[in-house]
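For what it's worth, my numbering labels the leading residue of the sequence shown as 18, then goes sequentially.
Glycine residues also receive a C-beta, built at the ideal position from the N, C-alpha and C atoms.
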Amino acid sequence: MATLLLRLQGPMQSWGTTSRFDERDTQLEPSKSGVLGLVCAALGRDRREPLEDLAALRMGVRVDREGVPMRDYQTATGVLIATGKADLRRTVVSPRFYLSDAVFLVGLEGEDEALLERIQAAVRNPVWPLALGRKSFVPGMPVCLPDGLRQADLLSALHGYPPLVSWAPGSSLRLALEDSQEGPVRLDQPVGPFAERRFGPRFVKQEVMHVPDPIDA
18 MATLLLRLQG PMQSWGTTSR FDERDTQLEP SKSGVLGLVC AALGRDRREP
68 LEDLAALRMG VRVDREGVPM RDYQTATGVL IATGKADLRR TVVSPRFYLS
118 DAVFLVGLEG EDEALLERIQ AAVRNPVWPL ALGRKSFVPG MPVCLPDGLR
168 QADLLSALHG YPPLVSWAPG SSLRLALEDS QEGPVRLDQP VGPFAERRFG
218 PRFVKQEVMH VPDPIDA
């Protein structure tokens with residue numbers, strides 16, 4: 018079993034899983050569909066291509082720095098109405114939620130180490146630009162970690178990797194781990210090519226990782 022670790026850090030990130038109509042939400046940590054979308058961009062994989070190999074990877078997130086939830090909005094005119102015509106007098110306001118200044122360590126665990134090696138090489142030299150949930154939200158630091166491919170299970174890899182930012186001694190970090198049977202349900206598991214926009218449920222279990230105090234270390 019091997020785990021590939023990725024750094025997702027930038028001024029703004031957005032990881033929506035329940036967006037409907039004009040409102041665009043974000044979770045407090047990266048969604049699996051969003052991370053696999055980033056991986057597909059790195060690999061140059063078209064939205065119509067199958068995702069079974071990537072979707073089978075187990076994902077976990079270590080929250081090195083919680084983001085600050087923010088909201089802005091966009092407006093649009095000339096929106097189509099029920100008659101199929103554009104109403105130039107109508108203005109639609111679309112709230113957009115995102116995270117500011119967040120830092121995440123994301124792990125992808127699988128038995129196919131060759132696949133993880135290809136992903137690592139791709140995020141180092143991506144075919145298409147990488148984005149943190151939205152095209153305009155670009156990474157502020159390299160996604161690829163040179164030593165990110167670890168011969169360890171997901172939890173051990175997330176626990177053992179050095180901090181991406183300074184941690185206060187005695188503090189606690191939040192972990193969000195994909196689980197086979199426990200935890201809240203997230204509807205962000207791709208069950209078909211991204212072009213089909215079909216997502217199924219997965220369990221995400223929350224855990225806490227304690228940063229040792231120097232006195233206790």
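Using the three-state DSSP reduction, which class does residue i fall into: helix, strand or coil?
i    : result
V140 : helix
L204 : strand
S189 : strand
A19  : strand
D233 : Because the pLDDT at D233 is just 47, under 50, the model does not fix this residue reliably, and the value given afterwards should be weighed accordingly. Coil at D233, not helix or strand.
V78  : strand
G217 : strand
L269 : A query on residue 269 cannot be resolved here, the shown segment of the chain reaching from 18 to 234 and no further.
L181 : coil
V56  : helix
For residue i, which of the options has the nearest alpha-carbon?
i    : options                   : result
R88  : Q44, A185 and Q137        : Q44
Q168 : W32, R203, V160 and D129  : D129
K222 : F216, S173, V228 and L194 : L194
R215 : V160, A139 and K49        : K49
L22  : L60, R41, M76 and S153    : M76
S117 : A212, S197 and P47        : P47
P112 : D42, V228 and S188        : D42
V78  : E69, R135, W32 and P86    : W32
G84  : H227, R191, L162 and P229 : R191
P186 : Y178, P229 and P86        : P229
Got a sec? Which residues, its chain only, sit under 7 Å from residue i by beta carbon, not counting five neighbours each side?
i    : result
L181 : R24, Q26, D81, V120 and L122
P67  : P210
D170 : M18, T20 and E126
A234 : Residue placement at A234 is flagged as unreliable, the pLDDT there being 45, under the threshold of 50; the coordinate-derived value follows with that caveat. Excluding positions up to five away in sequence, the list is empty.
A174 : T20, L22, G124 and R167
Beta-carbon separation of residue i and residue j under 8 Å?
i    : j    : result
V208 : F220 : no
T34  : D196 : no
F154 : Q30  : yes
G165 : Q198 : no
S183 : M226 : no
Once you ignore the five residues that flank residue i on each side, which residues in its own chain have a CB closer than 8 Å to its CB?
i    : result
R288 : There is simply no residue 288 to check, as the chain begins at 18 and stops at 234 in what is shown.
L147 : L55, A58, A59, V140, V155, P156 and V160
Does the Cβ of residue i lie closer than 7 Å to at least one heavy atom of the ligand COA?
i   : result
L55 : The ligand COA is not part of this structure, which contains no ligands at all.
Can you name, in chain order, every residue of its own chain whose Cβ lies under 6 Å from the Cβ of residue i, other than the five neighbours on each side?
i    : result
P218 : V202 and L204
> In the stretch 116 to 175, which residue ranges form an unbroken alpha helix (DSSP H) of at least 4 residues, counting only runs that do not cross its ends?
Replying inline: 130 to 141
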